[in-house]
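Q: Submitted below is the structure of interest, expressed as structure tokens.
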Amino acid sequence: DAGVIQSPRHEVTEMGQEVTLRCKPISGHNSLFWYRQTMMRGLELLIYFNNNVPIDDSGMPEDRFSAKMPNASFSTLKIQPSEPRDSAVYFCASSLAAGINSPLHFGNGTRLTVT
Amino acid sequence: SQQGEEDPQALSIQEGENATMNCSYKTSINNLQWYRQNSGRGLVHLILIRSNEREKHSGRLRVTLDTSKKSSSLLITASRAADTASYFCATAQDKIIFGKGTRLHILP
Numbered sequence: 040d041a042g043v044i045q046s047p048r049h050e051v052t053e054m055g056q057e058v059t060l061r062c063k064p065i066s067g068h069n070s071l072f073w074y075r076q077t078m079m080r081g082l083e084l085l086i087y088f089n090n091n092v093p094i095d096d097s098g099m100p101e102d103r104f105s106a107k108m109p110n111a112s113f114s115t116l117k118i119q120p121s122e123p124r125d126s127a128v129y130f131c132a133s134s135l136a137a138g139i140n141s142p143l144h145f146g147n148g149t150r151l152t153v154t
Numbered sequence: 012s013q014q015g016e017e018d019p020q021a022l023s024i025q026e027g028e029n030a031t032m033n034c035s036y037k038t039s040i041n042n043l044q045w046y047r048q049n050s051g052r053g054l055v056h057l058i059l060i061r062s063n064e065r066e067k068h069s070g071r072l073r074v075t076l077d078t079s080k081k082s083s084s085l086l087i088t089a090s091r092a093a094d095t096a097s098y099f100c101a102t103a104q105d106k107i108i109f110g111k112g113t114r115l116h117i118l119p
């Protein structure tokens, strides 16, 4: 299995631009998670989906952030407009079963730099 | 907060020695998970221990869970250079929340 695939691996953009991060979960996995990692705040859960339905988006920092999962094999995290404080590594993870009792499989992340 | 907190924040030991990392949390949990992260990579799942379990083993890894003290430990025996990484505990209740991790450095 190819594992969780994220693109791009690196993204550098200017403040105010729209950024779209992409994730392909492991085939057959029913849950998908978006996390953000920074030195100051560690790993923060932004949103997670079960069977393509958003379950908890309480971690999404602002209305500038939005996430979609149009089908079982694709999800996007969009930031519009981006700000320098959004600079972080964004991870997507998937798990086999819905809920919290299955291990998470992480992609290698997208390192976002907003100048 | 549900978030686990690892201790120590950083640990350096000689190759061959055992490494112990601790995790404390504040609320009840369904399970607790440990993950490893190598530099520039995503997290890799190591072990999941359920709230009704007290100890679990996987190869050179041993995890304990004490729900009365709301704490867990991860022991890596006979450490190797390849064990150099950051280690995170994650508590699972209604969602999975990670601590800030322990940076482990194995000295040759």
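Heads up: the protein sequence lines correspond to chains A and B, in order.
End of the first sequence = 154 in this note's numbering, gap-free, step of one.
End of the second sequence = 119 in this note's numbering, gap-free, step of one.
Ideal Cβ positions, reconstructed from N, Cα and C, are used throughout, including at glycine.
For residue 68 (chain A) versus residue 116 (chain A), is the C-beta spacing smaller than 8 angstroms?
A: no
Q: The beta strand (DSSP E) spanning residue 87 (chain B) covers which residue range?
A: Per DSSP, residue 87 (chain B) is one residue of the beta strand (DSSP E) stretching across 82–87.
Q: Take residue 70 (chain A) and list the residues in its own chain whose beta-carbon comes closer than 6 angstroms to its own, dropping the five residues that flank it on each side.
A: 89, 134, 137
Q: Are residue 128 (chain A) and residue 148 (chain A) touching if we call contact CB-CB under 8 angstroms?
A: yes
Q: Start and end of the beta strand (DSSP E) containing residue 54 (chain B)?
A: 54–61
Q: Secondary structure at residue 61 (chain A), three-state DSSP: helix, strand or coil?
A: Strand at residue 61 (chain A).
Q: Just to make sure I have the definition right: I need the residues of chain B whose C-beta is within less than 9 angstroms of the C-beta of residue 95 (chain A). Which are they?
A: 105, 106
Q: Could you check where the beta strand (DSSP E) with residue 69 (chain B) kicks off and where it finishes?
A: 66–69
Q: By the DSSP assignment, the beta strand (DSSP E) with residue 74 (chain A) in it spans what residues?
A: 70–77
Q: Helix, strand or coil for residue 80 (chain A), going by three-state DSSP, please let me know.
A: coil
Q: Go through its chain and collect everything with a Cβ distance to residue 59 (chain A)'s Cβ below 7 angstroms, but skip five positions before and after it.
A: 115, 117.
Q: I'd like to know whether the C-beta atoms of residue 87 (chain B) and residue 29 (chain B) end up nearer to each other than 8 angstroms.
A: yes
Q: Counting along the chain, where does the beta strand (DSSP E) carrying residue 48 (chain B) start and finish?
A: 42–48
Q: Does the CB of residue 110 (chain B) have a neighbour CB from chain A at under 8 angstroms?
A: yes
Q: Closer than 7 angstroms: is that where the CB of residue 73 (chain A) sits relative to any heavy atom of the ligand FMN?
A: Ligands are entirely absent from the displayed structure, and the ligand FMN is therefore not among its contents.
Q: Looking at the unbroken beta strand (DSSP E) that takes in residue 77 (chain B), where does it start and where does it end?
A: 72–77
Q: Grouping DSSP H, G and I as helix and E and B as strand, with all else coil, what is residue 47 (chain A)?
A: coil
Q: Could you check whether the Cβ of residue 180 (chain A) sits closer than 8 angstroms to any Cβ belonging to chain B?
A: Only positions 40 to 154 of chain A appear in this structure, which leaves residue 180 (chain A) out of reach.
Q: Assuming residue 81 (chain B) and residue 37 (chain B) are in contact, meaning their beta carbons sit under 8 angstroms apart, how far apart are those beta carbons, in whole angstroms?
A: 6 angstroms
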